[in-house]
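If you read the sequence shown in this note's numbering, its first letter stands for residue 21, the second for the next number, and so on. Using N, Cα and C, we set each Cβ at its ideal position, and we do this for glycine too. Treat the numbers as computed from the prediction; the structure is a model and nothing was measured.
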Amino acid sequence: APPERCEAAMRLLVDVMPTLKNEIVGAKQELGHVLQAGLEHSGLKVRAAALLLVCGIVGQADTAGWTPLLQTTGVLMQVLKQLAQAGDEELLQEVIQAFTDVAGWQPDFFKPSLTQ
C-alpha cells in the first residue's frame with residue numbers, strides 16, 4: 021500500500037481509539053502486525069503514525085492492553101530521534117506531545133527504556 025494510505029489508516033485507528041479501544045486492543049494478532057509493519061516501514065511518516073498509534077493505545081487501554089507494547093519503547097525512541105534529524109518540526113511536535121501525554125497517563129510505560 022502507498023505510504024500515505026498506511027499513515028492515514030494508522031491515524032484513523034488513533035482517532036477511533038477512544039470509541040473502539042476494546043475491539044482494537046482485542047485484535048492482538050492483527051494489531052501486532054499493523055504496528056510491526058508500521059514501525060519497520062521505510063517511510064518516516066508511517067513510522068511516526070505507528071508511534072502515535074502505540075501512544076494512543078497506551079493512553080486508552082488498561083495496563084494489560086498496553087503491557088505487550090513495552091517491547092516497542094526502543095524503536096519509539098529511534099523514531100523520535102529520526103524525526104528530530106529529519107527536521108519535520110510539525111510531526112516532531114506531535115510526537116513529543118504524544119510522549120508527554122503517555123508519560124502523564126502511564127508513567128510506567130517508559131521506565132524500562134530509561135533503565136537501558
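Per DSSP, the unbroken alpha helix (DSSP H) holding ALA118 starts and ends at 109–125. Contiguous alpha helix (DSSP H) elements confined to the stretch 22–89 occur at 23–46, 48–60, 64–80 and 83–86, taking only those with 4 or more residues.
Between LEU59 and VAL95, the gap from beta carbon to beta carbon is short of 8 Å. Counting along the chain, THR92 sits inside no alpha helix (DSSP H), nor does DSSP assign it H or E at all. Contact between VAL66 and PRO23 holds: CB atoms are separated by about 5 Å, below the 8 Å threshold. Separation of MET30 and ALA57 (C-alpha to C-alpha, rounded to the nearest whole angstrom) is 11 Å. Counting the other CB atoms within 10 Å of its CB gives LEU32 a total below 16, which places it among the exposed residues.
MET37 is a Cβ neighbour of GLN80, given a cutoff of 8 Å. A residue is called buried once 16 or more other Cβ atoms fall within 10 Å of its Cβ, and ALA47, having fewer, is exposed. The Cβ atoms of ALA69 and LEU103 do not sit closer than 8 Å to each other. Here the alpha carbons of VAL115 and ALA21 stand approximately 23 Å from one another.
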